[in-house]
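Right, one structure below, let's go through it.
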Amino acid sequence: MSAQLNDVRLEIKQQLKADSHLWLTPFNADSKDSDVEKALRERCKAVDQALISLWNSMGFPEEYALVAVGGYGRGELFPFSDVDVLVLLDREPEGQDIEKLEQFCGSGWDIGLEIGHSVRTYEQCIEEANKDITVQTALVESRLICGNTLHFKLLQEGLDQSLDVKTFFRKKTLEQRQRHAKYHETPYSLEPNCKESPGGLRDLHVLLWVAKAAKLGNSWAEMAVHGLITPFEAAKLRNNERILKKIRYQLHVTTGRREDRLVYDVQTPLAESLGFAPNGAKRSSEQLMQRYYLAAKAVMVLNTILLQNIEISIFGANSQEEPIDDDFQEADGLLDIRHDRVFAENPSAMLRAFIVKAQHPELKGMSARLLRQLWHDRVRINSEFRANPANKALFIEFFKQPQGIVHELRRMNETSVLGRYLPAFRRIVGQMQHDLFHVYTVDQHIMQVVRNLRRFTMDEHAHEYPFCSQLMANFEDHWILYIAALFHDIAKGRGGDHSTLGEVDAADFCRDHGLGEENTDLVTFLVRHHLTMSNTAQKKDLSDIDVLKEFAGIVKTPRRLTALYLLTVADIRGTSPKVWNAWKGKLLEDLYRYTLKLLGGEAPTHRQMLAEQQAEAKRILRLYALSDDVQDALWKQLDVSYFLRQGPSDIAWHTRHLYWRVDAAQPIVKARWSPLGEGLDVLVYTRDETDLFARICGYFDSKNLSILDAKIHTTKHGYALDSFLIQQDSGAGFDREFLSLLEADLQDRLGKRQPLADPVLGRMSRQSKHFPIRPTVDLVPDEKGNQYLLSVSATDRTGLLYSITKLLAKYKVNVQTAKIMTLGGRAEDTFLINGQSLNSQKLQIQLETDMLELLSI
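The sequence shown maps to residues -10 to 846 in our numbering.
Structural data, given as structure tokens:
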């Protein structure tokens, strides 16, 4: 028996291997989306035959049956998916039957199939199905492979009798809501799961499960016959299902494993295998992902429509309807249309639907009938529709609503109404952003920015950004900012400067919608300069009055300054939760306040700024019961630049710890929790030496601490007074014990003055490998040529900053100040430097060359 079984296994295994080309041959550029269904059938057919041969070789009792369940039962067996089967028994197995069952299940793995099996009697199946919705769902899709037909039929009948359709519907829709929440309610993740993410294949499975359980159809076509969807919608569902299936199937073949995530590593090879080729504006992976997102978006809309209709079929409709106006009514707590030809007779009502919904927050959504008609009639939004003054007025009126704007703007995008009305927006729906710090597609990023601006207007969110909320409360016509947000990234993916291209689109829109000269000027300014404020705050020296004057010359008016500040904060917050931190917020707020003074006619001089900083620092020192002259010994050793670059609280903190040991023989290190609420402030005071900055960076690097900001000063008597803002790479906080340890450990390290260790550059992150950043080095002298501004940009990794500073130490270059900025996985660091070697043009070129080589490793 054993030898015979081994022969059978070997024969089946060889046959599966010989047939594997039927399901492991990748699709190509000429493949149709429908080809995937043939491939799935071939895979199921081959596995069916293998299991039948194995089953027949075992000599099971005639009462047993082998049943396919889950996706395999549905006839969807992807190349590396589990093969889920049920061995259906008429009684508990005994003796040899137990051994045969164990041999059968083990043999499935031996022949190369990843078998997921269960062995149950009829009664056990019904009992488990009633207790576990997952088991019940798998059995709903069961299919007989071989064995006793009568017992399988009895199982199906028993499941039909025991299944409570209403309970099943509630549980499956609850599961879907939980799954959507797990994936952040959006199909637009940059690494989506094509099976589980919102808009993925699982959303289609839910529809098929509940429809089959309710006897409303086993396919899209049958659901159309039952009136749940139209033939057009059925065709749309079928087409988008094929797209998703094809992507998932090819994903398995490309990776050679069960993989449902469209991770960065596979997007490009997957896209190229499906026939996508890079063009001037978009990579092949961007084109693939845009196709995926559009399919997922359509699935989400149709899922909403169909689930509502199935729910009505199962639970019955509440006939209570309350008219709202001539076009709309309330039905079952949803916004509904009065009749099916509302949009055909009055196309403007498509825009007005979103206004009405925003004006009635008590309504929990839009009805399936309304969504369906929007879906069908959106094609009426054409050039004639867009040219209609009434529709232009409605579109602007939508942004003036007191509430509901973000939610309805998202719905407007999901139903494709927004893309039809703004063709430029349609082009960026599902458009990826290959820059490491955006975690949303362009259209979803824009939605996030509008959301953030809206939150500045809401009392319940005033605690998040009090200063922004205060400014927004005094800013007239909030809706102008929403328009600017809508256009600020609308030209992404076209090639060229998206800010310049977007400005043209924004100008055309504003003029076409009668916004007036003042509002048009504001919107176009914001679109053109939406990156200017963040670049100035994070890359330039805000203690330099010339920098402030240059920025003030760009913004020109307090209103434009306020609008740009609000948009900048909302924009940075809308890229990724990891990009924003309190330090960036402080830089932006400082730039805003300094510039506002300039625009108000308060043109500060260095002397005035110095006096203000010192006066406030003295006031703080008095709070610690220190005399008015306690600071003299230290301050007389400090130049003007120190007082301009440090805040009063920092000056007072430094003074408290240093005034009585200005000529300290040993290094002094002090740490405190940053007043910004994030990270640590670290003060280092010691005799200056060329490689000191590199030595400190090396220490922080060895402790997995990231430097957000560094201010380097040299006193008149040759001491370094350096301050750092640091945080842990993991984002975790610090406890008091860690502060004490850091102070003692760094002080000991500096005191020993050991040779600098060789830097160890860590590996680039997985994402960084697929979003390569071309390293840049820019060395620019100031007007007098005494100091230089060194700007470097490269893919960030552990040890990078230490490597840079060690190289500067090698050339005996002194770092005066440093701004360390990480945007996602991109390092953008700026150093103000000087040194004798910079007087030589030859050495400058060599330094830049060595720096580029370092950044390119």
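Even glycine gets a Cβ: it sits at the ideal position worked out from N, Cα and C.
Item: State the start and end residues of the unbroken alpha helix (DSSP H) segment that holds lysine 700.; Value: Per DSSP, lysine 700 belongs to no alpha helix (DSSP H); it is in the beta strand (DSSP E), 694 to 703.
Item: Buried or exposed: methionine 401, going by 16 or more other Cβ atoms within 10 Å of its Cβ?; Value: buried
Item: Along the beta strand (DSSP E) that carries phenylalanine 713, what are the first and last residues, could you check?; Value: 708 to 717
Item: Under the DSSP definition of a beta bridge, which residues are partnered with glycine 105?; Value: Asp73
Item: Roughly how many whole angstroms lie between the Cα atoms of phenylalanine 304 and asparagine 45?; Value: 46 Å
Item: My parser needs the beta strand (DSSP E) runs of 3 or more residues fully inside the region 284 to 352; what are they?; Value: 310 to 312, 317 to 320, 323 to 326
Item: When we look at the beta-carbon of leucine 531 and count the other beta-carbons within 10 Å, is it buried (16 or more) or exposed?; Value: buried
Item: Nearest-angstrom Cα distance between leucine 844 and alanine 653?; Value: 37 Å
Item: Let's see if you can read the secondary structure: which residues bound the beta strand (DSSP E) around lysine 659?; Value: 657 to 662
Item: Quick one, which of Thr806, Val749, Ala807 has its alpha-carbon nearest threonine 787's?; Value: Val749
Item: Who pairs with leucine 672 in a beta bridge, going by DSSP?; Value: Lys659, Ser712
Item: The alpha helix (DSSP H) that contains threonine 162, what's its start and end?; Value: 154 to 171
Item: To the nearest angstrom, report how far apart leucine 13 and alanine 223 are at their CA atoms.; Value: 29 Å
Item: Which residue wins for smallest C-alpha separation from glutamate 667, given the options Leu585, Asp724, Ile701?; Value: Asp724
Item: Report, in whole angstroms, the separation of the C-beta atoms of methionine 447 and valine 406, which I expect to be a contact under 8 Å.; Value: In fact, because the Cβ distance is near 25 Å, the residues do not count as touching under 8 Å.
Item: When burial is assigned at 16 or more other CB atoms within 10 Å of the CB, is glutamate 174 buried or exposed?; Value: exposed
Item: The alpha helix (DSSP H) spanning valine 124 covers which residue range?; Value: 122 to 129
Item: Given 8 Å as the limit, is there contact between the region 577 to 592 and the region 464 to 475, that is, 3 or more CB pairs closer than that?; Value: no
Item: Let me know the alpha helix (DSSP H) ranges lying completely inside the region 510 to 597, each 4 residues or longer, listed in chain order.; Value: 521 to 528, 534 to 544, 547 to 562, 571 to 588
Item: Return the Cβ separation of alanine 807 and isoleucine 701 in integer angstroms, given the expectation that the two are a contact with Cβ distance under 8 Å.; Value: 7 Å
Item: Suppose contacts are defined by Cβ-Cβ distances below 8 Å. Is lysine 89 in contact with methionine 47 by that definition?; Value: yes
Item: Three-state secondary structure (DSSP) at leucine 778?; Value: strand
Item: Quick one: Cα of isoleucine 301 to Cα of cysteine 94, how far?; Value: 43 Å
Item: Quick check for students: name the residue ranges of the alpha helix (DSSP H) that lie wholly in the region 20 to 98, counting only runs of 4 or more.; Value: 24 to 47, 59 to 63
Item: In whole angstroms, what separates the C-alpha of aspartate 497 from that of leucine 490?; Value: 11 Å
Item: Kindly identify the DSSP beta-bridge partner or partners of valine 418.; Value: Paired residues: none, contrary to the question.
Item: Could you check whether serine 565 and leucine 520 sit closer than 8 Å to each other, using their CB atoms as the reference points?; Value: no
Item: Closest by CA to arginine 763, which one among Gln776, Asp785, Gln743?; Value: Asp785
Item: What residue from Thr138, Met840, Tyr61, Ile715 has the CA that sits closest to leucine 77's CA?; Value: Thr138
Item: Return yes when the Cβ of leucine 789 is within less than 8 Å of the Cβ of isoleucine 715, no when it is not.; Value: no
Item: Taking C-alpha atoms, which residue in Thr594, Gln297, Asp316 lies nearest to asparagine 307?; Value: Gln297
Item: Can you confirm whether glutamine 150, when its beta carbon is compared against all beta carbons of chain B, has any partner nearer than 8 Å?; Value: Chain labels in this structure do not include chain B; a single protein chain is all it has.
Item: So the candidates are Glu842, Gly408, Ala39; which of them puts its Cα closest to the Cα of leucine 102?; Value: Ala39
Item: For proline 664, is the classification buried or exposed, using 16 other Cβ atoms within 10 angstroms of its Cβ as the cut-off for buried?; Value: exposed
Item: Tell me which residues share the same chain as aspartate 639 and place their Cβ nearer than 8 Å to its Cβ, disregarding the 5 neighbours each side in the sequence.; Value: Asp670, Ser712
Item: Three or more C-beta pairs under 8 Å: does that hold for the region 371 to 384 against the region 507 to 518?; Value: no
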